[in-house]
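Have a look at the structure below, then the notes.
Residue numbers (my numbering): 100 to 187.
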């Protein structure tokens, strides 16, 4: 059975599930950041990294691009994923 015959795989060939996952993760990141600001005092003595990390939501979009790109589908749906990624 090829991967295109697997009904579970077909959903990941579409851009929509990736965008929905992005929005869910983005919502969770916002909730976490809000909770973090409420519970952690920001002191000048605190050791913070000068290099900001890429948020999980953007890492997901990068993963989606890599996954779809392996199948030459990253520009499917009239480039919806790329347009969404640029808009973010």
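We put the beta carbon where it would ideally sit given N, CA and C, even for glycine.
Notebook entry, point to check: Does the pairing of the segment 127-134 with the segment 168-185 give three or more beta-carbon distances under 8 Å?
Noted result: no
Next item on the list: Determine the direct distance from the alpha carbon of residue 157 to that of residue 124, and round the result to whole angstroms.
Entry: 9 Å
Notebook entry, point to check: If you run the structure through DSSP and keep just helix, strand and coil, what is residue 133?
Noted result: helix
Note to self: Could you tell me the alpha carbon to alpha carbon distance between residue 135 and residue 159, rounded to whole angstroms?
What the structure shows: 22 Å
Item checked: residue 120, DSSP secondary structure in three states -> helix
Next item on the list: Give me the Cα-Cα distance between residue 116 and residue 182, rounded to the nearest whole angstrom.
Entry: 15 Å
Notebook entry, point to check: Quick one: what's got a C-beta closer than 7 Å to residue 180's C-beta in the same chain, skipping five residues either side?
Noted result: 114, 117, 163, 164, 167 and 173
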